[in-house]
Each structure stands twice: as structure tokens, then as C-alpha cells.
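Notes for the one structure printed next.
There are 2 protein chains.
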Amino acid sequence: MRTIEVCLSPALIGCYSLQGKTAVVIDVLRATSAMAAALASGVKAIRPVATVDECLEWVAQGYEGAAEREGQVVAGFSIGNSPLAFIKAGYQDALVALTTTNGTKAMKLSHDAAEIIAGAFVNLEAVVQYLQRGERSVVLVCAGWKDNFNLEDTLFAGAVVHALTPSFEKADDASLASEALYLQHATNLMGAIEQSSHFRRLAKLGIEDDIRFCMQTNHFDLVPVLKDGLLIAER
Amino acid sequence: MRTIEVCLSPALIGCYSLQGKTAVVIDVLRATSAMAAALASGVKAIRPVATVDECLEWVAQGYEGAAEREGQVVAGFSIGNSPLAFIKAGYQDALVALTTTNGTKAMKLSHDAAEIIAGAFVNLEAVVQYLQRGERSVVLVCAGWKDNFNLEDTLFAGAVVHALTPSFEKADDASLASEALYLQHATNLMGAIEQSSHFRRLAKLGIEDDIRFCMQTNHFDLVPVLKDGLLIAER
Chain A
0 MRTIEVCLSP ALIGCYSLQG KTAVVIDVLR ATSAMAAALA SGVKAIRPVA
50 TVDECLEWVA QGYEGAAERE GQVVAGFSIG NSPLAFIKAG YQDALVALTT
100 TNGTKAMKLS HDAAEIIAGA FVNLEAVVQY LQRGERSVVL VCAGWKDNFN
150 LEDTLFAGAV VHALTPSFEK ADDASLASEA LYLQHATNLM GAIEQSSHFR
200 RLAKLGIEDD IRFCMQTNHF DLVPVLKDGL LIAER
Chain B
0 MRTIEVCLSP ALIGCYSLQG KTAVVIDVLR ATSAMAAALA SGVKAIRPVA
50 TVDECLEWVA QGYEGAAERE GQVVAGFSIG NSPLAFIKAG YQDALVALTT
100 TNGTKAMKLS HDAAEIIAGA FVNLEAVVQY LQRGERSVVL VCAGWKDNFN
150 LEDTLFAGAV VHALTPSFEK ADDASLASEA LYLQHATNLM GAIEQSSHFR
200 RLAKLGIEDD IRFCMQTNHF DLVPVLKDGL LIAER
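Here the protein sequences come in this chain order: A and B.
If you count the first sequence from 1, position 16 lands on 15 in numbering that gives the first Met the number 0, and the numbers rise without skipping.
If you count the second sequence from 1, position 199 lands on 198 in numbering that gives the first Met the number 0, and the numbers rise without skipping.
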């Protein structure tokens, strides 16, 4: 039977063997939500990059630049990691270079995986179907907040674990715990998130609309899949 | 208001500031359960040490040696980290040098804290009362399994968080998640643990009695407190 595991923080990635598996990078607030939104709104491909400098290099080559640090758009950029902003921008057929505090870092750390995709509540069902169709075991990689555990990414991981049960074997304690957490909050995800540290941090920045959007399921019927350094939509 | 936080793995210790706080080291299966059992059964003090070599040096100075790796007693030692074995041994007034796979390491990593104590289900109520009596904020440090998250330590952390609510502020997402997990499994802790990776690993070693003992609450009305490198009982 295929296995499913949940890496609760990028700092724990060394505890997992990713070879031959599909890594699902999760940064619900907001990088992976924004990736799905951007690709659904006309962006052709997204290049996740680790640093602002690297992002600027791609801008010099014609990419649209998107950069977020500490929840805010980096000075000099017109867009950060807001899914609603990507929908509004409608970068038709554009290439976007994106760097964020946690999400793009988690993606880089997952490089040992056979394939890397991006997951969030906004494309939950598409991710679940993609994983079910595939033949690989799965590691869900929570981006967390500055290397620590966070609630929203764990809840999403739990939602995926639950949807893939019983066709996958839960192979670590984090998959058991994530699923239990999700089941406890499934009927009121937004309520759970309102208690969280990240929500309180982001709410100060006046982006509640974005958060509310990120906690809704199945807006987008696509999966961002990393191919040769570029995320493209698979439907 | 005092804060309470839960560090889910020794690998995440860098995410927490321990200065001025009480660190509760948690290794339910079985180091911190064994520490409480040993001190309740006549041991005068326990010196937690990182390596088997260091343990042997203390044995040469008259300590009883206790060493566990991979769930088993290290060759050449008569005791590892089994609480039932400590009860049976009854090392009256002895000094014990103890090294374990996860628990003693978590203790070393918590050295920045103002004080370090050991917690497990077997002394849950004593730990809760100790923390309530104290004046410090609290970080619960889960020893985990080889630097990764585990279920049993997180459940215990959740039990402490729940008992200390509402006199402490839950200051990170892990404290919220641990409490939710605990509340979900509070009426059947053993059932939750039987699903876990650690249980399956340890059950193969034929120590179910030990595990069952470790999952029962309040056998011992004492708290192991680290003073000058030695754990002694406070009642």
C-alpha cells in the first residue's frame, strides 16, 4: 500500500525520505493558495525562487515579479503572495517569479522528491484527485511559519490525509495527528484559524479577506506542478 | 498573563525563547516516566547524560548506570529506561546516571531555561500543580522520536496545556493543536497510542506492560527537577 506522511515543518524535512515520492508543499496563508489562484487567472507559469535578488534577476528577463516577506509586499514590487491580488492582476500568459517567507523555501527543501506539487484549501479536491491518480507515496510538507509548526498548513495536511484514507497507509504520527485535528475542525476551519498565531499576525496587516478566501475549499480545479523549475497548471 | 508554548520536537527548539521560563521535558515512552518512577522508588538523584561513554564514567564513580538506545537496554547495563524496571530494582538512596535515545537529549537542548523539570502522564497532576505554583511562563519540550514529532509526547503536552487553561495564555499554534488532540483522545489515551509509530516499534520489543503503565496518570506525586546537573524529587 502507498504511504502518506506529514512533515510538520521544513526543519523536520531531514526526518523524511522523499525519493520516489510526491511532495505536496503546503503554505495555505498564502503562497500555495496564491500559486493556484495565479495559474487559474491566466498566469502561464510560476518560478518559485528563494531570494528577492533572484526574483529581481528574473524580472530583468521579462518575468512579472512577486515578493512577500513578513506578510507584506516587498518594497518595489506590485504584488506579493495574495491570491486575491493575483486574481485582480490577471497576468494573462505571463511568467511570474515568486519569492515568499515560507512557501518557496519549503519547495526548495523538497528537491529530493520525484515530483513536487502545491496544495491549499482552494485546490484541495484537485490535489486529492491528482494524488489518487498517481502511483506514488506522498509526503505533505507544511511550510509552517519561520521553521515552526502552524495550524493552517497542518489542517490542510489533515484534510488530504483524511481524503486519501483508506487507500494510503498513514506512516507517521504526524499524519495521524493532522487528520485528527482536521476532523475536529472540519466544520469550522475559519474558527480554528482565528485562534492561530499566524491569523493574529496577518490580521494586523488588514488582509482578512485574503485569509477568508484561503480557508475556502475548491475554488480552483487545478494543481500547480513543478517542472524544470516552473510551476504549471495540471487539470 | 503567563504564556504556555509547546515545542513539538527537539529540532524546533530554536523557534522558542527559553530564557526565564520553565522547560518541561517530555518523553512519555519512556525516559521521563522512568525518571519519576525511579525517584519515587528510592533513587536519590538522576544524572541525565548524553552518551553511553559519559554514563560509564559516572558508573566508575559509584553511580548505578542506566542506558537505552532504540528502545532496548544497552549491552553491559542492567537497566534502560523502563519505569517498571526501576520500580522493581528499588535502587535505595542510589545515584543513577541515565542516557536515553531522545529524552536526555531534549533535556540538554533546554539548557537556556531558568529551570528544567521532567513530565509524563505518571506525574501529570504533580507537574500541573508545580507549574501553577511557579511564577514562570512555560515551554513544554517534546522529546519526540529521533528529532521528529510523536503522538504520545504531544498528547501529554496537550493535557498540561488544558489543565493550565485559562491561567496561562496559549502563545503558539502547537499549544492550540496539542490541546485539541488531547481533548479528542482524553477518554482513551491508550487507544490513541496503539495507532502510533512508536507503539508499533516498541510493541515489537515486548514491552506493552511498560507502555500501558506510562499511559496511566498520576502514579507518582513528585516532579523531577534538574539542579546542578542532577534530577531530584520535589513534592
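In this text, a Cβ means the ideal position worked out from N, Cα and C, and glycines have one as well.
Three-state class that DSSP yields for residue 182(B) in the structure shown: helix
Own chain partners of residue 17(A) with C-beta closer than 7 Å, once the 5 adjacent residues on each side are dropped: 109, 111, 112, 138
Counterpart residues of residue 94(B) in DSSP-defined beta bridges: 44(B)
Chain A contact residues for residue 91(B), given Cβ-Cβ distances below 8 Å: Under the 8 Å cutoff, chain A gives no residues; its nearest Cβ is about 37 Å from residue 91(B).
Residue 223(A) - DSSP class collapsed to helix/strand/coil: strand
Beta-carbon spacing of residue 123(A), residue 173(A) below 8 Å: no
Beta-carbon proximity check, residue 30(A) vs residue 101(A), cutoff 8 Å: yes
Short-range partners of chain B found in the segment 3-14 of chain A, where Cβ spacing is below 9 Å: 5, 6, 7, 8, 10, 11, 13, 14
Whole-Å CB distance - residue 226(B) paired with residue 135(B), under 8 Å assumed: With 8 Å as the limit, residue 226(B) and residue 135(B) do not qualify as a contact, their Cβ atoms being about 15 Å apart.
Beta-carbon proximity of residue 118(B) to residue 155(B), cut-off 8 Å: yes
Cross-chain neighbours of residue 208(B) in chain A, by beta carbon under 9 Å: In chain order: nothing, as chain A lies at least about 22 Å away.
Chain A contact for residue 175(B) (CB, 8 Å cutoff): yes
Whole-angstrom distance between residue 104(A) and residue 98(A), CA atom to CA atom: 8 Å
Test: residue 145(A) CB closer than 8 Å to a CB of chain B: yes
Buried/exposed call for residue 209(B), threshold 16 Cβ in 10 Å: buried
Proximal residues, the segment 151-167 of chain B versus chain A, C-beta separation under 8 Å: 153
Rounded Cβ spacing between residue 242(B) and residue 23(B) (contact assumed at less than 8 Å): Within the shown structure, residues of chain B are numbered from 0 to 234, placing residue 242(B) beyond reach of any answer.
C-beta neighbour in chain B for residue 149(A), strict 8 Å: yes
Beta-carbon proximity list for residue 163(B), same chain, < 8 Å, skipping 5 on both sides: 3, 127, 130, 131, 137
Chain B contact for residue 33(A) (CB, 8 Å cutoff): no
Per-residue DSSP class, three states only, for residue 2(B): strand
Listed by chain order, chain B residues near residue 180(A) by CB distance under 9 Å: 176, 179, 180, 183
Integer-rounded CB distance, given that residue 37(A) should sit under 8 Å from residue 76(A): About 14 Å; that fails the 8 Å criterion.
8 Å Cβ cutoff, residue 227(B) in contact with chain A: no
Bridge-paired residues (DSSP) for residue 147(A): 144(A)
Rounded Cβ spacing between residue 223(B) and residue 93(B) (contact assumed at less than 8 Å): The Cβ separation is near 15 Å, so there is no contact.
C-alpha gap between residue 15(B) and residue 6(B), whole angstroms: 7 Å
When 195(A), 180(A), 170(A), 185(A) are compared against residue 169(B), the one with the closest alpha-carbon: 195(A)
Interface flag, residue 77(A) vs chain B, CB-CB below 8 Å: no
Span separating the alpha-carbon of residue 125(B) from that of residue 82(B): 17 Å
Within 8 Å, strictly: CB atoms of residue 121(A) and residue 215(A): yes
Where the beta strand (DSSP E) containing residue 117(A) begins and where it ends: 114-118
Proximal residues to residue 229(B) (C-beta, below 6 Å), its chain only, five neighbours per side dropped: 44, 46
Members of the segment 183-204 of chain B that neighbour chain A once the beta carbon cut-off is set at 9 Å: 183, 184, 191, 194, 195, 196, 197
Whole alpha helix (DSSP H) elements within the segment 11-42 of chain A, 4-residue minimum: 30-39
Interface residues of chain B facing residue 111(A) [CB-CB closer than 9 Å]: By Cβ distance, chain B contributes nothing, its closest Cβ being about 17 Å from residue 111(A), past 9 Å.
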